[in-house]
Every structure is written in structure tokens, then in C-alpha cells.
Amino acid sequence: QESSNWDKNVPEIAMGINQTVNDTTKFSPYELMFARKKTLVPGLSSANDTDIDCNEKRTKASRNIRKKQEYMERKCNQGRKEAKRYKKDELVLWNNAFTNSDTGINRKIDKIYAGPYKVTQVLPNDRYKIRSVKGMKGYRNFVAIVAAEALRPYKSSVNYNTDSDSDGDIVDTQDLIDLLES
Numbered sequence: 012q013e014s015s016n017w018d019k020n021v022p023e024i025a026m027g028i029n030q031t032v033n034d035t036t037k038f039s040p041y042e043l044m045f046a047r048k049k050t051l052v053p054g055l056s057s058a059n060d061t062d063i064d065c066n067e068k069r070t071k072a073s074r075n076i077r078k079k080q081e082y083m084e085r086k087c088n089q090g091r092k093e094a095k096r097y098k099k100d101e102l103v104l105w106n107n108a109f110t111n112s113d114t115g116i117n118r119k120i121d122k123i124y125a126g127p128y129k130v131t132q133v134l135p136n137d138r139y140k141i142r143s144v145k146g147m148k149g150y151r152n153f154v155a156i157v158a159a160e161a162l163r164p165y166k167s168s169v170n171y172n173t174d175s176d177s178d179g180d181i182v183d184t185q186d187l188i189d190l191l192e193s
């Protein structure tokens with residue numbers, strides 16, 4: 012029976028919400044709106060209601076909001092690190108190459124990163140346009156826009172160990188792209 016009469020309690024609930032002191036502003040919404048605390052008896056005001064005027068309360072609330080915003084920004088950015096920058100034509104690995112759209116396939120033991128993919132365009136806000144590289148196993152013509160945090164640099168494990176070039180350096184990225192796309 013009480014669940015069907017919920018709408019009769021809305022004014023009391025709204026009054027309770029409007030009188031609750033906000034943790035950030037340190038004032039209730041009613042107090043910021045009318046510059047005094049709500050009393051249960053109409054026309055009765057407390058002595059300290061006149062001490063602080065409405066604009067001063069709102070200024071204090073704004074200052075408290077700014078302090079809380081700065082605190083939350085520091086807290087949220089505490090473990091954040093700068094995104095790695097990639098250049099056009101650089102080879103990268105992508106960790107979101109496989110989606111859950113392939114039903115019936117368990118990807119738990121698959122590789123986390125797939126690729127290599129070639130960065131074709133550097134976009135604003137740490138985003139990159141990538142495409143699949145011809146000549147790779149399972150090649151499909153594929154293009155995607157990806158966030159920097161989902162990418163890792165691709166390092167080739169192929170070494171050219173000849174007598175004339177015995178330094179054993181990792182193959183240059185552009186040489187690998189040319190080799191795969193030829």
C-alpha cells in the first residue's frame with residue numbers, strides 16, 4: 012500500500028535534499044539560494060543568519076568548489092603518464108585488434124597485441140590512424156583510428172648478420188615496410 016503512495020512524499024524528500032549540506036560547497040542548496048538555513052517553523056530565523064550575506068556564501072561555495080576540483084584533478088592525474096608519440100609510417104602493435112564480436116572464440120590465451128600496423132596519419136588528442144601492412148600473415152585491408160594508449164612500438168626480431176654488416180642491428184622500420192609491401 013505504501014509503495015503506491017510514493018508521490019505524496021516527494022515534497023518532504025525534496026525539502027530534505029535541499030537542506031542537506033553538500034560536501035564540496037559546505038552549504039545546503041537552500042542556504043545558497045536564500046542566504047539562510049531553512050527552519051521548521053515559518054518566520055523563525057536564527058541569530059547567525061544575518062552574519063553572512065548571500066553573495067559571500069556563494070563566493071565561499073565557489074572557492075570550495077574550485078579547491079575540490081583542484082584536489083580531484085591532482086588525485087586523478089597522480090598515476091597518469093604522458094602518451095608515447097608515434098610518427099607517420101612507424102610500425103606499431105595494437106592491443107584491441109580482436110573484439111568480442113567473434114562468438115565462440117576464446118581469446119584468453121591469444122597474444123595481447125596484434126600487428127604490425129602502419130601509422131598512416133597522426134591525429135589530435137593522441138589518436139592515430141593505422142592500417143594493416145601488406146605481406147603479413149592473415150592480411151586483410153584494415154584501417155582504424157586508435158588511441159595512443161592502445162599502441163606499442165613494433166620491434167622486429169629479424170637481424171641481417173652478414174660479413175659486411177656484422178653489427179646485428181634490428182632491421183629498420185622503413186626497410187621492413189618496403190620488404191613486406193613489395
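Residue numbering for the sequence shown follows the working numbering, starting at 12 and increasing by one per position.
By construction, the Cβ of each residue, glycine as well, lies at the ideal position given by its N, Cα and C atoms.
| query | result |
| --- | --- |
| Beta-carbon proximity of Lys145 to Val157, cut-off 9 Å | no |
| Buried versus exposed call for Leu134 [16 or more other C-beta atoms within 10 Å across all chains shown] | exposed |
| Distance between Leu162 and Tyr150 (C-alpha atoms, nearest Å) | 19 Å |
| Buried/exposed call for Ser14, threshold 16 Cβ in 10 Å | exposed |
| Residue burial classification, Phe38 (beta-carbon count within 10 angstroms, cutoff 16) | buried |
| Segments of 4+ residues assigned as alpha helix (DSSP H) that fall wholly inside the region 13 to 49 | 21 to 30, 40 to 45 |
| Own chain partners of Asn75 with C-beta closer than 7 Å, once the 5 adjacent residues on each side are dropped | Thr35, Thr36, Lys37 |
| Residue of Gln80, Ala94, Trp105 minimising C-alpha distance to Gly126 | Trp105 |
| Range covered by the alpha helix (DSSP H) that runs through Ser73 | 65 to 87 |
| Limits of the beta strand (DSSP E) - the one that Ala155 falls within | 154 to 158 |
| Helix, strand or coil at Ala94 [DSSP, three-state] | coil |
| Own chain, CB closer than 7 Å to Gln30, minus 5 neighbours either side, in chain order | Ser39, Tyr41, Lys49 |
| Short Cβ contact (9 Å threshold) for Ala159 with Arg138 | yes |
| Spatial distance of Met147 from Val154 (CA atoms) | 15 Å |
| Neighbourhood of Ala94 by C-beta, 7 Å cutoff - its chain only, sequence neighbours within 5 removed | Asp137, Ala159, Glu160 |
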